[in-house]
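The sequence shown begins at 23 in this note's numbering and counts up one residue at a time. Note that beta-carbon positions come from the ideal geometry of N, C-alpha and C, so glycine has one too. The block underneath contains the structure these notes are about, expressed in C-alpha cells.
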Amino acid sequence: MQEQKKEPLLIVGSVAFDSIETPQGRADMALGGSASFASIAASYFSSPQVVGIVGDDFGSHHMDKMSDHGVDVRGIESVAGKTFHWKGRYHENFKDRDTLETALNVFQHFNPSIPEAYRQTKFVLLGNIDPGLQLSVLDQTHDARLVAMDTMNFWINTKRDALLEVIKRVDLLFINDEEAMQLADEWTVLASAGKIRQWGPRYVVIKRGEHGAVLFGPDVTLYVPAVLLTRVVDPTGAGDTFAGGFLGHLSRSGSLDRSNLAAALTWGTVMASYAVEAFSVDGICGLSAHDIEGRRRHLIDLVSY
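Here is the structure:
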C-alpha cells in the first residue's frame, strides 16, 4: 500500500445502528449500515464520499469514527427522528441469522441528493438499498468510470423489475452465490454470472463467504479464497466491507486490467476478514498498512504454488 494521492469514491447507502447477538457476544446500537462499513474499508485506499441519512440520535462520536478515517461525511443528512436500526441474532454456524427487528425510521424518507461536488466522481458504489433509490443516484451522476452496485434477496423478491433496470445501467454487480442463482433462476454460479452479464454489467463479483469470491468479466474469471481465521465474532457488514476494499483499490489504481481486478479481489477479501473479527466497524478501524499488507501476503501465499 504505497502512499499516494487518494482518489474519491462515491458511496451511497445506509448509515445505521446495529444490535447484534452472536455466539461470541452482543453489541447494542453499534455503528452499522452498508455505507459505514464500505467507506471505512475504502478509506485505506481512497477518499470516500458518503451520501446517507441519520436521525438526531446519531451521536457525533459515530460520525467522527468515519471522518477520522478520512471519509467525507458532508453528504450525510441529519434530520429529526431516529436512525435506521437493525437487530439480529446469528446461529452457531454464523451463516444463518434471524432478523429480530427492522426499524427504518428516518431511512424510509431517504431521497438521495448527490452534492454537486460528488457528481463527477469516477468510481461509484450503490450500496444495498432500494433499487428505486439506486436509479435516482444513477440519474444524478455523470461520466463515471465504473459504477458498482450491491443488492440482496429482499430486493430480488419485492422490487425485481426496478432491480433489473439498475443492473442494466451499472458496470459491476456484487451479489452472493445464493442470491445470484435466485436472480438468474440458475443452478450454478457460473451459469448465473453468465446470464446476469448478458443483462448489462461487464463484471459480476459473486461473494461466497468462507469460500471466497469469484469475479466474472470479459475474457476473465478470477477466484480468491477467504482468509483462514481462527475466530469469527460478527459477520455483519462483511460484504459491504469487501465492496469497499475492492472499489477503494480500483479507484486508487484507475485501471481495470486483469492484474488490478485480481488485486482488488484480494484487498476486498482482506478487509472483510478484519470486519468479521469484531462487532460493528471496530475490526476495520485503526488498522496499519503493515497489518493489511501482511495479511494480504499471507492470502496470496495460500494460492501460490
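Q: Just tell me which of S65, L185, M174, L168 has its CA closest to the CA of S158.
A: Translated into positions along the sequence shown, residue 158 becomes position 136. Per the Cα distances, L185.
**Q.** Exposure label - V325; buried when at least 16 CB within 10 Å
**A.** Counting from 1 along the sequence shown, the entry for residue 325 is found at position 303. V325 comes out exposed.
Q | Closest residue to V236 among A285, G270, S100, G316 (Cα-Cα distance) | A | As a working note, residue 236 is residue 214 in the sequence shown. It is A285 whose Cα lies nearest to the Cα of V236.
(Q) Please tell me whether D199 and I218 are closer than 8 Å, where the distance is taken between their beta carbons. (A) Position 177 of the sequence shown, counted from the first residue, corresponds to residue 199. Position 196 of the sequence shown, counted from the first residue, corresponds to residue 218. Not a contact, by the Cβ cut-off of 8 Å.
Q) Over what stretch of residues does the alpha helix (DSSP H) that includes M85 continue unbroken? A) Here the question's residue 85 lines up with position 63 in the sequence shown. It spans 82 to 89 - the alpha helix (DSSP H) in which M85 sits, taken as one unbroken run.
Q: With DSSP as the reference, label R337 as helix, strand or coil.
A: As displayed, the chain neither begins before 23 nor continues past 327, which places residue 337 out of reach and without an answer.
**Q.** Neighbourhood of V242 by C-beta distance below 6 Å, restricted to the same chain and skipping five residues each side
**A.** Locating residue 242 in the sequence shown gives position 220, where the first residue counts as 1. Closer than 6 Å at Cβ, skipping near neighbours: R280.
Q) Which residue spans inside the segment 106 to 185 form an unbroken alpha helix (DSSP H) run of at least 4? A) Complete alpha helix (DSSP H) runs here, min 4: 153 to 162, 175 to 180.
Q: Evaluate N175 with the Cβ neighbour count: other Cβ atoms within 10 Å of its Cβ, from every protein chain shown; 16 or more gives buried, anything less gives exposed.
A: Locating residue 175 in the sequence shown gives position 153, where the first residue counts as 1. N175 counts as exposed, since fewer than 16 other beta carbons sit within 10 angstroms of its beta carbon.
Q: Given a cut-off of 8 Å, decide if F132 and I75 are closer than it, judged by their beta-carbon atoms.
A: On the sequence shown, position 53 is the one that residue 75 refers to. On the sequence shown, position 110 is the one that residue 132 refers to. Yes; because the gap between Cβ atoms is below 8 Å, this pair is in contact.
Q: Determine the direct distance from the alpha carbon of S310 to that of N115, and round the result to whole angstroms.
A: Residue mapping note: residue 115 aligns to position 93 of the sequence shown, counting from 1. Residue mapping note: residue 310 aligns to position 288 of the sequence shown, counting from 1. Each residue's Cα considered, the two are about 30 Å apart.
Q) Leaving out the 5 sequence neighbours to the left and right, which residues in its chain are closer than 6 Å to M85 when beta-carbon positions are compared? A) Walking along the sequence shown from the start, residue 85 turns up at place 63. Once the five neighbours on either side are set aside, the close Cβ partners of M85 are V95.
Q: Give the secondary structure of Y225 by DSSP, where H, G and I count as helix, E and B as strand, and everything else as coil.
A: Within the sequence shown, the letter at position 203 stands for residue 225. DSSP places Y225 in strand when its eight states are reduced to three.
**Q.** D193 - DSSP class collapsed to helix/strand/coil
**A.** As a first step, residue 193 must be located in the sequence shown, where it is residue number 171. Coil.
Q. Which of helix, strand or coil does DSSP assign to D256?
A. Mapped onto the sequence shown, residue 256 falls at position 234. Looking at D256 - three-state DSSP - the assignment turns out to be coil, as it is neither helix nor strand.
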